[in-house]
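> Once you know that position 79 of the first sequence is 163 in my numbering, the rest is easy, because the numbers rise by one and skip nothing.
Pasting a structure here, questions to come.
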Amino acid sequence: MENREIAAVFEEISNLMKILQDDPKWTFKSAAYDRAKRSIEGISERLEDIARDPNRKLTDIPCIGEDLAGKIKELVETGKSKYHQEQLSKVPRSLLDLLQLQTVGPQKVRLFYQELGIKTVDELEAAAKAGRLQTLPKMDVKSEENILKAIETFRRAAGRFRLDVADAVATELSEYLRRHKAVEEVTPAGSLRRGRETIGDLDLLVIGRDAASIAEHMTRYAGITQVLAKGEDKVSVKLENQMQVDVRMLERKSYGAALMYFTGSKEHNVALRDRAKRRGWKLSEYGLFHGERVIAAKTEEEVYKKLGLDLIPPEIRENLGEIEAAEERRLPKLVELEEIRGDLQMHTSASDGHTSVEEMAAAAKA
DNA sequence: GCCGTTTTCGGCCCGACTGTTTTCAGTCG
Ligand SMILES: Nc1nc2c(ncn2[C@H]2C[C@H](O)[C@@H](COP(=O)(O)OP(=O)(O)OP(=O)(O)O)O2)c(=O)[nH]1
Ligand SMILES: [Mg+2]
Ligand SMILES: [Mg+2]
């Protein structure tokens, strides 16, 4: 069984828990399955190999404890997890699709299912078109329209974008934003700044004087098909190529804390905020605070320093040990673009090449 | 369900936007 299949099972368990809500600690357990899923996705080695190796421990993997190690073993050995199957048997599996829709979370999935017996996206669409959703508590015409839009988006299933594609869009949008006179600085953040291979959406941090007029400027960009949300501090839009763009406006005095927040990852942010909290402080996108007093906010380096950490490069901000390394001043020195002299790839007779490693080496020497 | 320079039990990040909330719930970043 492949890692991504195991991750998919954990994701389903997490989502089923949110829908079922029959475990008193479902919020935390669901989050634990989520973290385990993300942790597994970041591992290059096959879990199956670790599970079968008597000298290795699955519990050495972050966010995997005794229980989840057992479930991984069970999945590797039998291809199934009893607990997963049990949870699946309680509700129709298609409810998991509903949870993928924007503006539809666990509470609404439960509401639609319990009140109207809605099990599938098609059934939800029919109910929305018939105006049956707006009669429900916490619902109205607008949220019903939003759901119909979300269903359209879901059917087009944009998926994730390659880093270079997202980078090109970010460059163009940044140029557009900078044309507005209230904009002082635009910094691409999120998974793009972390240099991930694929990008789910574009996150742009904008420093400027007049957030409201910047938001207005953003929503007038020509390539926009839908404005998902627009408030005083942030705007979310959908572009023609189905890419979502989240634009967050903040003041320059918060630049460092803001960039840390918007660069993430989520897991890294949660770990840092927890660390601040333990020290009696509070960390948010506005800064690091002791009560009302600002301890640090202007630069990333200052905020990390006050937290007792060396500046962590965006590429490794995943809460997979980098915080401990930064604390002990043993962060790795990452390879820089200028240091890359070229790209070399060779196939030898060990796989599908024609000559042996020895012959290749001899030819290279000659 | 995981995890530990305050804990092996008892916590688990913090804030913006939307809708109708009249004091907040749900969803999302
Ligand atoms: N503190 C905190 N920050 C969050 C949370 N969710 C997202 N963020 C921050 C960190 C993320 O890197 C950043 C952008 O959110 P995204 O959902 O776009 O995630 P990201 O860009 O990391 O990945 P993506 O490729 O878009 O799926 O916002 C959260 O629940 N808490
Ligand atoms: Mg993103
Ligand atoms: Mg985003």
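Just so it is clear, CB atoms sit at the ideal spot from N, CA and C, and this is done for glycine as well.
Just so you know, these numbers come straight off a predicted model, no measurement behind them.
Could you give the distance in angstroms between the alpha-carbon of Phe94 and the alpha-carbon of Met444?
Here residue 94 refers to the residue found at position 10 when the first sequence is read from its first residue. Here residue 444 refers to the residue found at position 360 when the first sequence is read from its first residue. The straight-line gap from Cα to Cα measures roughly 45 Å.
> Helix, strand or coil for Gln218, going by three-state DSSP, please let me know.
The residue given as residue 218 occupies position 134 in the first sequence. Looking at Gln218 - three-state DSSP - the assignment turns out to be coil, as it is neither helix nor strand.
> Note down the Cα distance separating Ile145 from Ser123, rounded to an integer number of angstroms.
Walking along the first sequence from the start, residue 145 turns up at place 61. Walking along the first sequence from the start, residue 123 turns up at place 39. Between Ile145 and Ser123, the C-alpha separation is close to 8 Å.
> How many angstroms separate the CA atom of Pro176 from the CA atom of Asp106?
Within the first sequence, the letter at position 92 stands for residue 176. Within the first sequence, the letter at position 22 stands for residue 106. The alpha-carbon atoms of Pro176 and Asp106 are separated by roughly 16 Å.
> Can you tell me whether DSSP reads Lys157 as helix, strand or coil?
As a position in the first sequence, residue 157 is number 73, starting the count at 1. Helix.
> What separation, rounded to the nearest whole angstrom, lies between the Cα atoms of Leu288 and Ser440?
Along the first sequence, one-based indexing puts residue 288 at 204. Along the first sequence, one-based indexing puts residue 440 at 356. Their backbone Cα atoms lie some 49 Å apart in a straight line.
> Are there any heavy atoms of ligand 1 lying less than 7 Å away from the beta-carbon of Lys350, as far as the coordinates show?
As a working note, residue 350 is residue 266 in the first sequence. Yes; taking the cut-off as 7 Å, the Cβ of Lys350 has a heavy atom of ligand 1 nearer than that.
> Using three-state DSSP, classify Pro272 as helix, strand or coil.
Counted from its first residue, the first sequence places residue 272 at position 188. Three-state DSSP puts Pro272 in a strand.
> Would you check if there are 3 or more beta carbon pairs closer than 8 Å linking the region 356–365 to the region 311–331?
Segments in contact, no.
> Here's a check: name, in chain order, each residue in its chain whose Cβ is nearer than 7 Å to the Cβ of Ala295, leaving out the five neighbours to either side.
Stepping through the first sequence from its first residue, residue 295 is reached at position 211. Glu316, Asp317, Met333.
> Can you say whether Glu229 is buried or exposed, counting buried as having 16 or more other CB atoms within 10 angstroms of its CB?
Sequence index remark: in the first sequence, residue 229 carries index 145 (1-based). Counting Cβ neighbours within 10 Å, Glu229 comes out exposed, since fewer than 16 surround it.
> Are the CB atoms of Val253 and Leu286 within a distance shorter than 8 Å?
Sequence index remark: in the first sequence, residue 286 carries index 202 (1-based). Sequence index remark: in the first sequence, residue 253 carries index 169 (1-based). Yes, the Cβ-Cβ distance between Leu286 and Val253 is below 8 Å.
> Check for me: the beta strand (DSSP E) holding Gln191 runs from which residue to which?
Position 107 of the first sequence, counted from the first residue, corresponds to residue 191. No beta strand (DSSP E) contains Gln191, which is instead part of the alpha helix (DSSP H) from 190–200.
> Considering Ser368, what are the terminal residues of the beta strand (DSSP E) in which it resides?
Within the first sequence, numbered from 1, the residue matching residue 368 stands at position 284. Looking at the DSSP string, the run of the beta strand (DSSP E) that includes Ser368 is 366–368.
> Please find out if some non-hydrogen atom of ligand 2 comes closer than 7 Å to the beta-carbon of Gly215.
Taking the first sequence and counting its residues from 1, one reaches residue 215 at position 131. Not so, every heavy atom of ligand 2 lies at least 7 Å from the Cβ.
> Measuring straight from C-alpha to C-alpha, what distance separates Ile400 and Gly279?
Against the first sequence, residue 400 aligns to sequence position 316. Against the first sequence, residue 279 aligns to sequence position 195. Their backbone Cα atoms lie some 9 Å apart in a straight line.
> Counting pairs of Cβ atoms below 8 Å between the region 422–440 and the region 401–408, do you hit three or more?
No: fewer than three Cβ pairs fall under 8 Å.
> Quick one: is the Cβ of Asp248 within less than 7 Å of any heavy atom of ligand 2?
The count along the first sequence starts at 1 and reaches residue 248 at position 164. For ligand 2, not one heavy atom lies less than 7 Å from the Cβ of Asp248.
> Whose CA, out of Asp181, Asp248, Ser338, lies closest to the CA of Ile235?
Here the question's residue 235 lines up with position 151 in the first sequence. For the residues Asp181, Asp248, Ser338, the minimum Cα distance to Ile235 belongs to Asp181.
> Take the Cβ of His301 as the centre, count every other Cβ of all protein chains shown within 10 Å, and call the residue buried at 16 or more, exposed below.
Translated into positions along the first sequence, residue 301 becomes position 217. With 16 or more Cβ atoms within 10 Å of its Cβ, His301 is classed as buried.
> What first and last residue would you give for the alpha helix (DSSP H) that runs through Ala446?
Here residue 446 corresponds to residue number 362 of the first sequence, with the count starting at 1. That run of the alpha helix (DSSP H) goes 441–449.
> Pull up the distance between the alpha-carbon of Ala211 and that of Thr111, whole angstroms please.
On the first sequence, position 127 is the one that residue 211 refers to. On the first sequence, position 27 is the one that residue 111 refers to. When rounded, the distance between both Cα atoms is 29 Å.
> Between the beta-carbon of Leu220 and the beta-carbon of Leu179, is there less than 8 Å?
Taking the first sequence and counting its residues from 1, the one referred to as residue 220 is at position 136. Taking the first sequence and counting its residues from 1, the one referred to as residue 179 is at position 95. No. Outside cutoff.
> Check whether the region 327–347 and the region 268–283 are in contact - that is, three or more C-beta pairs closer than 8 Å.
Touching, yes.
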